[in-house]
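Engineer: Taking UniProt numbering, the leading residue of the sequence shown gets 1, the next gets one more, and so forth.
Note that the Cβ used here is the ideal one computed from N, Cα and C, for glycine as well.
Treat the numbers as computed from the prediction; the structure is a model and nothing was measured.
Let me begin by handing over the structure; questions about it come next.
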Amino acid sequence: MTEDEEQGRRRSTAEVAADLEASGALDALFARIDSGEVQLTGDGGLLPGLLKAALERGLQAEMSSHLGYEKGDPEAASFPNSRNGTSPKTVATEVGDVGLEVPRDRDGTFAPRLVPKGSRRLGGLDEMIISLYAGGMTIRDIQHHLASTIGTELSHETISKITDEILEEVLAWQRRPLEAFYPVVYLDALVVKVRDGAHVRNKAAHIAVGVDLEGIKHVLGIWVQAAEGAKFWAGVCAELANRGVADVLVVCCDGLTGLPEAIEATWPGSMVQTCVVHLIRAAMRFVNYGHRKAVAAALKTVYQAPDAPTARAALDAFAASELGKRNPNTVRVFADAWERFTPFLAFPPMLRRVIYTTNSIESLNYQLRKIIKNRGHFPNDDAVVKLLWLAICNIEDKRARDRQRERDQNVPSDKRHADGRLVEGQVTTNWKQALAQLALAYPDRINPYL
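This is the structure:
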């Protein structure tokens with residue numbers, strides 16, 4: 001079902017409920033709920049009872065279709081197969097455990113589709129569990145939540161199996177074909193704890209976001225760094241190339257060892273730009289609080305210089321000043337990263353704003369950190385990729401629902417407060433001007449894709 005079809009279904013269901021309420025047909029029921037005579041959820045509650053009635057009605061309809069006659073039909077004896085009572089079955093649902101009477105036939109050939117044989121959960125419960133998992137809840141948290149809210153007891157193994165079923169979808173996403181050309185790619189990392197044999201160690205989960213020719217951002221993939229340096233990055237670049245990426249102009253990252261060599265070996269002529277914001281943070285790390293404003297002002301003359309020679313002169317002037325002598329580490333950070341810091345200085349201001357920092361995915365990482373902080377560690381690398389992918393989908397879906405809600409309520413565009421896209425599908429600010437400047441700088445590489 002598409003997103004539009006799903007929204008249409010929800011609207012039609014809401015309209016039916018509104019019509020029933022407006023007609024007064026629910027007044028007596030509401031009165032019994034208000035008096036406490038009728039409970040909505042839990043054992044014997046209204047919602048489990050309604051679901052039980054709806055499911056059993058559907059199962060009887062399936063049985064009638066299977067046998068070829070309705071229940072109570074006087075001609076039933078003329079049919080080769082017939083009903084043979086029911087079997088009890090309990091299924092876990094979004095509103096709690098529901099006991100069903102599943103019809104049987106004498107030949108034993110009836111295979112219900114509404115509640116398949118061997119199934120102990122309805123699909124909506126699986127979706128709820130995956131949503132809770134994507135929101136950052138651990139498996140034990142989900143166990144407790146289901147037991148305390150809807151009275152459904154599921155084992156640790158069952159919940160783990162439900163979340164693992166999404167892994168095939170994650171792998172398909174991670175291996176999907178990509179566009180042939182991304183002018184700009186941002187690469188940033190989150191530190192996660194992953195079990196490695198008998199030990200738990202820190203690993204970097206790298207997230208790559210590519211900007212296509214329309215300026216639209218796409219999460220290209222998530223990689224957990226299993227090896228150090230060039231070997232790991234050579235594998236990542238080879239994977240991107242095998243998935244269809246034929247060329248990349250600029251890769252903005254945080255000084256990752258071995259990445260520049262891997263990029264240049266895979267896409268010759270590509271530029272690797274050290275994220276200036278990360279560089280400034282590293283340079284300011286050991287600066288006394290009282291000197292921070294003055295140091296920040298001095299560094300601004302370096303990274304906002306019109307060209308590389310002017311930037312170098314500004315850094316040398318800062319190093320020779322009293323403030324620079326008090327903060328040698330600040331000078332060293334910029335000097336060590338100079339070769340990968342200066343490339344963006346060759347471009348006009350509009351393009352600099354697009355390529356000088358990975359801040360375009362900082363908000364994504366901020367949201368993901370809130371989700372992974374609840375976990376002590378992950379059992380393996382696949383679990384990291386699975387959770388991060390689910391979390392991105394979950395956040396994007398939530399924001400899309402908020403935007404749709406404001407549109408449905410006809411909120412004027414200047415008064416809407418719902419968040420825009422987090423990263424997937426977001427349009428890069430001032431992209432048209434930046435693309436025009438890239439086309440002037442790299443005409444031979446951009447024109448074939450225009």
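#1: Three-state secondary structure (DSSP) at Val427?
#2: Rounded to the nearest angstrom, how far is the Cβ of Arg113 from that of Glu169, given a contact under 8 Å?
#3: What do you reckon, are the CB atoms on Thr428 and Val354 nearer than 8 Å?
#4: Hey, which unbroken runs of the beta strand (DSSP E) at 3 residues or more fall wholly within the stretch 63-87?
#5: Measuring only the C-alpha atoms, how far is Ala441 from Glu339?
#6: Are there three or more Cβ pairs, one per stretch, closer than 8 Å when the stretch 336-351 is compared with the stretch 317-325?
#7: Could you spell out the range, first to last residue, of the alpha helix (DSSP H) harbouring Lys231?
#8: Taking C-alpha atoms, which residue in Val91, Thr93, Leu100 and Gly85 lies nearest to Asp107?
#9: Pick out the complete alpha helix (DSSP H) segments inside the stretch 145-185, 4 residues or longer, and give them in chain order.
#10: Check the DSSP bridge columns for Gln409 and list the partner residues they point to.
#11: With H, G and I counted as helix, E and B as strand and the rest as coil, what does DSSP make of Gln273?
#12: With a CB to CB cut of under 7 Å and the five nearest residues on each side skipped, what residues in its chain are close to Ile159?
#13: Let's see if you can read the secondary structure: which residues bound the beta strand (DSSP E) around Pro103?
#14: Would you call Lys325 buried or exposed, if buried means 16 or more other Cβ atoms sit within 10 Å of its Cβ?
#15: Return the CA-CA distance between Thr2 and Asn394, expressed in angstroms with no decimal places.
#16: On the three-pair Cβ rule with 8 Å, is the stretch 407-427 touching the stretch 442-450?
#17: Do Leu187 and residue 454 count as a contact pair if the criterion is CB distance below 8 Å?
#18: Can you round the beta-carbon distance between Tyr182 and Val211 to whole angstroms, since I take them to be within the 8 Å contact cut?
#19: Below 7 Å CB to CB, which residues in the same chain sit around Met271 once its five sequence neighbours on both sides are set aside?
#20: So Glu207 is in the alpha helix (DSSP H); what residue range does that whole segment cover?
#21: Relative to the C-alpha of Ala308, which residue among Lys293, Pro328, Met284 and Ala337 is closest?
#22: Which of the three DSSP states is assigned to Thr2 in this structure?
#23: Taking 8 Å as the cut-off, decide whether the C-beta atoms of Leu351 and Ala434 are in contact.
#24: Can you look up Ala330 in the DSSP assignment and give me helix, strand or coil?
Structural biologist: Quick look at the numbers:
#1: Numbered from its first residue, the sequence shown carries residue 427 at position 427. Note: Val427 maps to strand in three-state DSSP.
#2: Here residue 113 refers to the residue found at position 113 of the sequence shown. Here residue 169 refers to the residue found at position 169 of the sequence shown. Wrong, their Cβ atoms sit about 22 Å apart, outside the cutoff.
#3: Position 428 of the sequence shown, counting from 1, holds the residue named residue 428. Position 354 of the sequence shown, counting from 1, holds the residue named residue 354. Contact flag set, yes.
#4: none
#5: Residue mapping note: residue 441 aligns to position 441 of the sequence shown, counting from 1. Residue mapping note: residue 339 aligns to position 339 of the sequence shown, counting from 1. Roughly 19 Å between the two C-alpha positions.
#6: no
#7: Counting from one through the sequence shown, the residue named residue 231 turns up at place 231. Element bounds for Lys231: Ala230 to Asn242.
#8: Numbered from 1 along the sequence shown, position 107 holds the residue referred to as residue 107. It is Gly85 whose Cα lies nearest to the Cα of Asp107.
#9: You should have 156-164 and 167-174.
#10: Counted from its first residue, the sequence shown places residue 409 at position 409. Its beta-bridge partners do not exist; DSSP assigns none.
#11: Working through the sequence shown from its first residue, we reach residue 273 at position 273. Residue state, collapsed to three classes: strand.
#12: Your numbering for residue 159 matches position 159 in the sequence shown. Cβ neighbours of Ile159 beyond the five flanking positions: Ile129, Ile139, Ile142 and Gln143.
#13: The residue you call residue 103 lines up with position 103 of the sequence shown. Its beta strand (DSSP E) spans residues Gly96 to Asp105.
#14: Stepping through the sequence shown from its first residue, residue 325 is reached at position 325. So Lys325 counts as exposed.
#15: Here residue 2 is taken as the residue at index 2 of the sequence shown, counted from 1. Here residue 394 is taken as the residue at index 394 of the sequence shown, counted from 1. Below a pLDDT of 50, predicted positions are generally treated as unreliable, and Thr2, at 48, falls in that range; the measurement from the model is reported next regardless. Roughly 16 Å between the two C-alpha positions.
#16: no
#17: There is no way to answer for residue 454, as the model of the chain reaches only from 1 to 450.
#18: For the purposes of this step, residue 182 is identified with residue 182 of the sequence shown, where counting begins at 1. For the purposes of this step, residue 211 is identified with residue 211 of the sequence shown, where counting begins at 1. About 6 Å separates the two Cβ atoms, so the contact holds.
#19: As a position in the sequence shown, residue 271 is number 271, starting the count at 1. Excluding positions up to five away in sequence, the list reads Leu249, Val250 and Pro343.
#20: Position 207 of the sequence shown, counted from the start, is the residue given in the question as residue 207. In the sequence under discussion, the amino acid at residue 207 is Ile, which differs from the Glu named in the question. Taken as a continuous stretch (DSSP letters only), Ile207 belongs to no alpha helix (DSSP H), being part of the beta strand (DSSP E) at His199 to Val211.
#21: Sequence index remark: in the sequence shown, residue 308 carries index 308 (1-based). Closest by alpha carbon: Ala337.
#22: Within the sequence shown, the letter at position 2 stands for residue 2. For Thr2, the predicted model reports a pLDDT of 48, less than 50, meaning its position is unreliable; a value from the coordinates is still stated below. It is coil, neither helix nor strand.
#23: Within the sequence shown, numbered from 1, the residue matching residue 351 stands at position 351. Within the sequence shown, numbered from 1, the residue matching residue 434 stands at position 434. Contact: yes.
#24: Reading the sequence shown from its first residue, position 330 is the one you call residue 330. Residue 330 is actually Thr in this sequence, not Ala. It is helical.
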